[in-house]
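A.B. asks: With our numbering, the residue at position 111 of the sequence shown is 111, and numbering never jumps.
Just so you know, even glycine gets a beta-carbon here, dropped at the ideal spot from N, CA and C.
Below you will find the structure I want to go over with you.
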Amino acid sequence: MPLSCRVDGSFACLIAGQAHAGAIDKLHAFFETTKSMRADFAQIVVAKNGKRPQQSTGVMMFSRPGKFRWQIERPYSQLLVGDGEKVWIYDPDLRQVTVKKMGAALGSSPVALLVGESDGNNSGKGALERNFSLREAGEREGLEWLEAIPKSPDSGFERLQMGFAGNDLKAMELFDNFGQPTTLYFSHLERNPPLASALFRFTPPPGVDVLGE
């Protein structure tokens with residue numbers, strides 16, 4: 001994905017590293033201690049032709065394993081909901097919902113990594129080591145970064161990075177197969193907030209076209 005939906009198939013988001021305590025260690029600690037998360041986000045997609053970058057903002061949240069909600073608020077409205085079995089992509093302007101099976105929609109994407117897909121113990125570490133090669137990526141922008149290279153040639157992206165401040169995930173950066181970056185910045189981040197189960201369920205509004213499975 002991160003999914004994408006007008007997020008340029010990027011819905012993705014990243015991994016990064018550091019030098020002292022080690023970004024990889026921070027990533028493992030993040031998985032072990034974070035069962036749910038809520039944050040505001042700003043996503044920036046750099047155009048291949050050098051035109052002005054596209055930016056969108058909204059709110060994201062997840063509850064591991066397997067559930068997430070991604071609400072794009074500006075410049076347009078769009079909602080993505082993963083209920084653990086299916087992913088629902090709702091475009092209010094088009095009055096259309098696209099439905100996909102969770103595995104097919106996420107695969108080995110960064111979103112699957114964050115929400116703890118198919119790991120057995122829900123920590124995400126098994127899926128992480130199975131699907132990515134990790135390396136420390138140093139410091140920049142005041143964050144410690146690590147880089148993850150997907151082992152599967154069908155992942156849809158070249159590499160991704162994650163930036164940490166302490167044990168908090170603050171930024172993600174995804175590079176597609178053409179080297180085009182998509183960057184996500186998280187703010188007002190809450191780790192392990194109580195999130196109602198209804199947030200991760202989606203019922204199509206009346207009169208909306210439903211496409212897919």
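1. Hey, how far is the Cα of Asp91 from the Cα of Ile24?
2. Of all the options Leu169, Lys86, Met162, Met60, which has the alpha carbon lying nearest to the alpha carbon of Arg135?
3. Can you give me the C-alpha to C-alpha distance between Met61 and Met102, rounded to a whole angstrom?
4. Between Trp70 and Leu184, what straight-line distance do the alpha-carbon atoms span, to the nearest angstrom?
5. Pick out whichever of Gly179, Ala47, Phe202, Met172 has its Cα sitting closest to the Cα of Leu27.
6. If I'm right that Lys100 touches Gly212 with Cβ under 8 Å, what's the distance once you round it to whole angstroms?
7. Is Gly58 near the ligand PLP, in the sense that its beta carbon is under 7 Å from a heavy atom of that ligand?
8. What does Gly212 pair with, by DSSP beta-bridge criteria?
9. Mapping DSSP to helix, strand and coil, what is Val253?
10. Rounded to the nearest angstrom, what separates Pro194 and Ser36 at their Cα positions?
11. Please return the same chain residues whose Cβ sits closer than 6 Å to the Cβ of Arg191, not counting the five positions on each side in sequence.
12. Any idea which residues DSSP pairs Asp83 with across the strands?
13. Over the uninterrupted beta strand (DSSP E) stretch that includes Leu189, give me the two end residues.
14. Kindly list the residues whose CB is nearer than 6 Å to the CB of Phe175, restricted to its own chain and excluding five residues on each side of it in sequence; keep chain order.
15. Measuring straight from C-alpha to C-alpha, what distance separates Thr203 and Ala47?
16. Just how far apart, CA to CA, sit Arg64 and Gly82?
17. My output table needs one value for Asp93: the three-state DSSP class, helix, strand or coil.
18. Our contact map puts Leu189 next to Asp209 with C-beta atoms below 8 Å; I'd like the distance itself, whole angstroms only.
19. Run through the segment 123-161 for me and flag every whole beta strand (DSSP E) of 3 or more residues, listed as ranges in chain order.
C.D. replies: In short:
1. Taking the straight line joining both Cα atoms gives about 36 Å.
2. The residue with the shortest Cα to Cα distance from Arg135 is Met162.
3. Going by C-alpha positions, Met61 is about 16 Å away from Met102.
4. If you take the alpha carbons of Trp70 and Leu184, they lie about 13 Å apart.
5. When each option's Cα is compared against that of Leu27, the closest is Met172.
6. With a beta-carbon spacing of about 6 Å, Lys100 and Gly212 fall inside the 8 Å limit used to define contacts.
7. Of the ligands one can find in the structure shown there are none, so the ligand PLP has no counterpart to examine.
8. Looking at the DSSP assignment, Gly212 forms a beta bridge with Val99.
9. Residue 253 lies beyond the range of the chain shown here (1 to 213); nothing can be said about it.
10. Straight-line spacing of the CA atoms in Pro194 and Ser36 works out to 8 Å.
11. Within the same chain, Arg191 has close Cβ partners Thr34, Met37.
12. According to DSSP, Asp83 bridges with Lys67.
13. Annotation: the continuous beta strand (DSSP E) that includes Leu189 extends over 181-191.
14. These residues qualify, in order along the chain: Glu158, Arg159, Pro181.
15. Cα to Cα, Thr203 sits roughly 34 Å from Ala47.
16. C-alpha separation (whole angstroms): 11 Å.
17. Coil.
18. The Cβ separation is near 35 Å, so there is no contact.
19. Counting only runs of 3 or more, we get 132-140, 143-150.
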